[in-house]
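K.L.:
Protein chains in written order, with our numbering: chain A, 50 to 293; chain B, 1368 to 1773. Sending over a structure as structure tokens; questions will come in a sec.
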């Protein structure tokens, strides 16, 4: 009798573990990879298109080199900004232009274009920056998604809290809501993954578009990601002396 | 370098870049054409520049200039050059038109593995967060402020860099000379530089030691903290001696004295910058300038320069003065976001807290097209002929256009 009871308990335990909640942090790590996180380094071009109300803002094209919490974004267009560079290491940021005496330190509040924060152009490391909790399951455009609640681990994050919808089948983030410390919804974002990269011998989907909408005013920015290359980036490429 | 040689050099770099592109190297070039006119209103009754005989400041100066960047980049080797070619016509200083062509900067860089780098060329050796003046830098204390429309030229140097990770970097360089338009004698001929930089999570800092030949070492340090999403705080400090330093005793009966080397002094700057939600930012900086004169020494400085019995005194006063005359300065900057597509503007106020003189400067850019930008720079001084900021100029205005290439 005791033996049967033990067998029953073991079976029940196995069945429960099969239906246990997925590991939120593991889901987040996988979703990060499709946005540059956890890779040895990423080089990509970003086309930024912004609209504020009826006003279409000037297009901007950047080449970005990024790894972990560091990135260098060099402006390719418009021509009058060509050669301008934005360097970010941790929470430190500098801006320089050809002919400028030296790189100028700037605060994270300085925005590149429209709704895109400087943090949006770098590789995404939500798994390193946020503590993830699985909030539930929900469909986005008919696609089953895990809904993750992300709370900032430290102050250098661009946003204090994020709700993140990660496709259960594809393992990529498809929708996000960004909140301030006071709980106010600041922006929403939608993602597309039409790029492919080779990582660890496998071809994996990679972000091709991020559409950011302001939650308070009628404004939106589209970031189109292209020419994506995964490569190791030497530490001196993030040095201030290399900016000029 | 003549204009012809400058053009030949630019053409050679362009040809090299085109050839290398076929061999799989990455090449880039861009440039900006400038055309601008500067007008200067000299200070009436200037003590330091009587009758404009010493400084020879033109009433008007017209400049057409091309500033180019060429880059050739391979796996481990990077070559870059920034030639500047131009023509200048001045009125009111007795000079004719002048042509110029020179390499403002150039660099050859050889990567030795992931962490080591050999460099040689004419490098802009600038660092530190300060805008008004840079006490942590032995070569560019002025920070390019004396003429914002002209750009700084590099120092001729060869060096070795070690970057073990993204947080730390160490550089050692031998300084051959001060580069284009080096003074004679060159205070930085045959000097050494060692520099360490560190970036923390929300702060960055660095140390610099420079050893000029036959003079005391320069010691400098700088740091910045990103205190919040909007607030930056920063500072720079440097300790140095000056060569060919003018001493101005507070007793006006005593003459000027020109020492081969000044006593060691400390310059220090503290500053903060706040960025508003709309992208505009406000910066404030306070500078203690240890090489400057006290209020009494500065008064005697102007009194001696005005002495009709010593006609050379004004030239000596102007030629050998410290980079700033006073000891205490305040500098405020209000500007919009540099990324603003409608244009850029910046308002600056500098005040010598010892003699009360001030300079108000405004710079603005208006976007005419994706390539063409119009710009204007105006300055207005206050304080009179015997005060620093107003000792030479009453006001100035520069207007021009720049065209981005290609």
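Idealized CB from N, CA, C, for every residue including glycine. All values derive from a computational prediction rather than experimental measurement.
1. In three-state terms, what does DSSP make of residue 1667 of chain B?
2. Would you say residue 34 of chain A reaches chain B, if we count a Cβ-Cβ gap shorter than 7 angstroms as a contact?
3. What in chain B is Cβ-close to residue 278 of chain A, meaning under 9 angstroms?
4. With the cut-off set at 7 angstroms, would you say residue 283 of chain A and residue 1614 of chain B are in Cβ contact?
5. So does the stretch 1454-1467 of chain B actually touch the stretch 151-161 of chain A, counting three or more Cβ pairs closer than 8 angstroms?
6. I need the straight-line Cα distance from residue 194 of chain A to residue 1650 of chain B, nearest angstrom please.
7. Straight-line CA distance for residue 1743 of chain B to residue 1767 of chain B?
8. Going straight from the alpha carbon of residue 196 of chain A to that of residue 225 of chain A, what length do you get?
9. Helix, strand or coil for residue 1507 of chain B? Go by DSSP, reduced to three states.
10. What span of residues does the alpha helix (DSSP H) with residue 78 of chain A cover, start to end?
11. Quick one, are the C-beta atoms of residue 212 of chain A and residue 200 of chain A less than 7 angstroms apart?
12. Look at the Cβ atom of residue 1663 of chain B, then the Cβ atom of residue 1652 of chain B, and state whether they are nearer than 7 angstroms.
13. Less than 7 angstroms between the beta carbons of residue 1525 of chain B and residue 1541 of chain B, yes or no?
14. Taking only three categories from DSSP, how would you classify residue 293 of chain A?
15. 7 angstroms is my cut-off, CB to CB: does residue 267 of chain A come that close to chain B?
16. Kindly indicate if chain A contains any beta-carbon less than 7 angstroms away from that of residue 1510 of chain B.
17. So, at 8 angstroms on beta carbons, what are the nonlocal neighbours of residue 1588 of chain B in its own chain, with the 5 sequence-adjacent residues on each side left out?
18. Taking residue 1491 of chain B as the query, report the chain A residues whose CB atoms sit under 8 angstroms from its CB, ordered along the chain.
19. Do the CB positions of residue 141 of chain A and residue 1566 of chain B come within less than 7 angstroms of each other?
20. Drop a sphere of 10 angstroms on the beta-carbon of residue 266 of chain A, count the other beta-carbons inside from all chains shown, and report buried for 16 or more, exposed for fewer.
21. Does the beta-carbon distance from residue 1592 of chain B to residue 1561 of chain B come in below 7 angstroms?
22. Apart from the five residues just before and just after residue 98 of chain A, which ones in its own chain have a Cβ nearer than 6 angstroms to its Cβ?
23. What does residue 283 of chain A reach in chain B if we use C-beta pairs closer than 8 angstroms?
24. Would residue 1430 of chain B count as contacting chain A if we go by Cβ distances under 7 angstroms?
25. Measure the C-alpha to C-alpha separation of residue 1721 of chain B and residue 1756 of chain B and round it to an integer number of angstroms.
26. Around the C-beta of residue 1505 of chain B, are 16 or more other C-beta atoms found within 10 angstroms, so that it is buried, or is it exposed?
27. Under 6 angstroms Cβ to Cβ from residue 1581 of chain B, same chain only, skipping five residues before and after it: list those, please.
28. Give the interface partners of residue 1616 of chain B over in chain A, defined as CB-CB distance under 9 angstroms, in chain order.
29. Bridge partners for residue 1655 of chain B per DSSP, in chain order?
30. Please give me, in chain order, every unbroken run of the alpha helix (DSSP H) with length at least 4 that falls completely inside the stretch 1530-1616 of chain B.
31. Is it right to say residue 247 of chain A is buried, meaning 16 or more other beta carbons lie within 10 angstroms of its own, or is it exposed?
32. Under 7 angstroms between the Cβ atoms of residue 1661 of chain B and residue 1629 of chain B?
33. Would a check of beta-carbon distances place residue 128 of chain A closer than 7 angstroms to chain B?
34. Give me whichever residues DSSP pairs with residue 237 of chain A in a beta bridge.
35. Output needed in chain order: residues of the stretch 115-149 of chain A with a Cβ under 7 angstroms from some Cβ in chain B.
36. Comparing alpha-carbon positions, which option in A:183, A:104 and A:151 lies nearest residue 1512 of chain B?
P.N.:
Looking at the coordinates:
1. helix
2. Because chain A spans 50 through 293 in this model, residue 34 of chain A falls outside it and cannot be assessed.
3. Per Cβ cutoff of 9 angstroms: no residues; residue 278 of chain A is ~12 angstroms from chain B at best.
4. no
5. no
6. 46 angstroms
7. 6 angstroms
8. 9 angstroms
9. coil
10. 73-82
11. no
12. no
13. yes
14. coil
15. no
16. yes
17. 1503, 1572, 1573, 1574, 1575, 1603, 1604 and 1605
18. 150, 151 and 293
19. yes
20. exposed
21. no
22. 108 and 271
23. 1478, 1481, 1482 and 1530
24. no
25. 12 angstroms
26. buried
27. none
28. Within 9 angstroms Cβ-Cβ: nothing; residue 1616 of chain B doesn't reach chain A, min ~35 angstroms.
29. B:1635 and B:1695
30. none
31. exposed
32. no
33. yes
34. A:226 and A:262
35. 119, 127, 128, 129, 131, 132, 138, 139, 140, 141, 144, 147 and 148
36. A:151
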